[in-house]
Structures are given as C-alpha cells and as structure tokens.
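This report concerns only the one structure given below.
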C-alpha cells in the first residue's frame, strides 16, 4: 500500500459470519447451514496492509434476523414492528460497536465531514 498511497483497498465479502448469531437463528426456527466468514483477526491484518473499507453487512443481517426470530419466538402474538425491531437494532448496534473497536475506527466519527446529497451525486 505504500507504493500506491491513494489507492483505497476494499474487502468485499469480508463479514466474519459469527457462529453465535447463526446458532441463535437456528435455535428459533432458522435453517442457516454451517458457513464461515473471514475471522476478525484476518480482517485486522488486512487493515494493517492498507484495506480502508470493510463490509460487515452480512454480520448485521444475521444479527437482525437472530433478534427478530428470538422476539417472535418469545412473543408469537407480537405484530408491532416498533417492538420486534428494537432488539434487532440493538443487536446490530452491538455488532457495529465490536467491529469498529476491533478495526480501530471507534471514536473517529468527528473526523468525517458530511457531504450534501447534491454534491455527492455530482461525484457519480
């Protein structure tokens, strides 16, 4: 990365696919087949080598699904999304917090300068 300092490397498909989230989903009626992602330690090595964008969407989708399945199992009569999405958001927040800390990005939000949508659209 030192030779190409302005090249921003991206780790696509780099979710860690936590086994504990798969287990929660399956415990509450899911059918997630055993699968593996990229261990957090390997992602950390990638970051040290110049990776600047790490996708964690799969981990968040697993977290949301696990929380929603658990909520429906605990209260099958519930139909108010405000109630069953709250634990989903909490579990996703926890996944993000863990990843931000592991990847050394926690506490850096103030360094990001917001860009108006119109200006961002011009970049494309």
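Residue numbers (this note's numbering): 25 to 148. Where a beta carbon is used, it is the ideal one built from N, C-alpha and C, also for glycine.
Per-residue DSSP class, three states only, for residue i
i	result
residue 72	helix
residue 57	coil
residue 132	coil
residue 84	helix
residue 148	coil
residue 102	coil
Residues that residue i bridges to, as DSSP identifies them
i	result
residue 35	78
Cα-Cα separation between residue i and residue j, rounded to whole angstroms
i	j	result
residue 111	residue 95	8 Å
residue 107	residue 31	43 Å
residue 134	residue 144	19 Å
residue 148	residue 136	19 Å
residue 59	residue 119	18 Å
Below 8 Å, can you find three or more Cβ-Cβ pairs linking the region 69–87 to the region 37–45? These segments touch.
Pairing CB atoms from the region 120–133 with CB atoms from the region 58–78, are three or more of them under 8 Å? yes
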